[in-house]
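Participant:
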Amino acid sequence: MMAESTTKSFKKGCVLSSQAREIVLNVYKFMQGELKDGVKLLNKVQARVAEATGVSVRSIQRISSQNAAKGKLATPNKKLGEDRNQYLRWRGLFVCLFIFIISRVGKILNKKKKHCV
Numbered sequence: 810m811m812a813e814s815t816t817k818s819f820k821k822g823c824v825l826s827s828q829a830r831e832i833v834l835n836v837y838k839f840m841q842g843e844l845k846d847g848v849k850l851l852n853k854v855q856a857r858v859a860e861a862t863g864v865s866v867r868s869i870q871r872i873s874s875q876n877a878a879k880g881k882l883a884t885p886n887k888k889l890g891e892d893r894n895q896y897l898r899w900r901g902l903f904v905c906l907f908i909f910i911i912s913r914v915g916k917i918l919n920k921k922k923k924h925c926v
């Protein structure tokens with residue numbers, strides 16, 4: 810019986826970034842090398858993952874500990890302040906309102922053109 814996989818699977822048709830594609834290629838090449846040379850022992854898992862992915866051991870340790878602590882992975886990014894979030898919401902509302910008004914004005918002008926001809 811096959812062991813149940815603990816890896817996260819992606820939906821069919823999911824587009825991978827160039828960075829993710831590079832990591833997939835690194836793992837593929839690593840696995841091809843193992844096929845030719847024989848599989849290495851599974852002790853030193855973090856070192857093998859680092860070698861397979863082309864990512865540093867320290868990054869593997871950080872990702873692993875973050876996943877163990879929070880149960881999810883986060884991308885490092887700047888925390889936007891509440892003022893910035895509020896600004897973005899108002900800007901989005903303004904853009905939607907502007908598009909709505911322009912579309913209405915366009916319809917009114919098109920009706921007037923039809924009546925003038």
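Here our numbering is used: the first residue of the sequence shown is 810, the next is one more, and so on.
Glycine residues also receive a C-beta, built at the ideal position from the N, C-alpha and C atoms.
1. Is the CB of Lys920 under 9 Å away from at least one CB in chain C?
2. Taking the alpha carbon of Ser865 as the point to measure from, which residue in Ile832, Leu844, Met840 has its own alpha carbon closest?
3. Does DSSP classify Leu834 as helix, strand or coil?
4. In this structure, how does DSSP classify Gly842 when only helix, strand and coil are distinguished?
5. Of all the options Lys920, Ile917, Gly842, Ile869, which has the alpha carbon lying nearest to the alpha carbon of Lys853?
6. Just how far apart, CA to CA, sit Val914 and Gln895?
7. Looking only at C-alpha atoms, which of Ala878, Asn876, Gln855 sits nearest to Arg867?
8. On the three-state DSSP scale, how would you describe Cys905?
9. What does the alpha-carbon distance come out to for the pair Ser826 and Asn919?
10. Which value, in whole angstroms, describes the spacing of the CA atoms of Met810 and Val848?
Facilitator: If we stick to the structure as given:
1. Of the chains in the structure shown, none is chain C; there is only one protein chain.
2. Locating residue 865 in the sequence shown gives position 56, counting from the first residue. Comparing Cα positions, the closest option is Ile832.
3. Along the sequence shown, read from residue 1 onward, the residue named residue 834 stands at position 25. Looking at Leu834 - three-state DSSP - the assignment turns out to be helix.
4. For the purposes of this step, residue 842 is identified with residue 33 of the sequence shown, where counting begins at 1. Helix.
5. In the sequence shown, the residue the question calls residue 853 occupies position 44. Of the listed residues, the one whose Cα sits closest to Lys853 is Ile869.
6. Here the question's residue 914 lines up with position 105 in the sequence shown. Here the question's residue 895 lines up with position 86 in the sequence shown. Their Cα atoms are separated by approximately 29 Å.
7. Start at 1 with the first residue of the sequence shown, and residue 867 comes out as number 58. Nearest option by C-alpha distance: Gln855.
8. Start at 1 with the first residue of the sequence shown, and residue 905 comes out as number 96. Three-state result, Cys905: helix.
9. The residue you call residue 826 lines up with position 17 of the sequence shown. The residue you call residue 919 lines up with position 110 of the sequence shown. Cα-Cα distance, rounded: 44 Å.
10. Here the question's residue 810 lines up with position 1 in the sequence shown. Here the question's residue 848 lines up with position 39 in the sequence shown. For Met810, the pLDDT reaches just 42, beneath the cut-off of 50, and the residue's location in the model is therefore unreliable, although a value from the coordinates is still provided. So the alpha carbons of these two residues sit roughly 21 Å apart.
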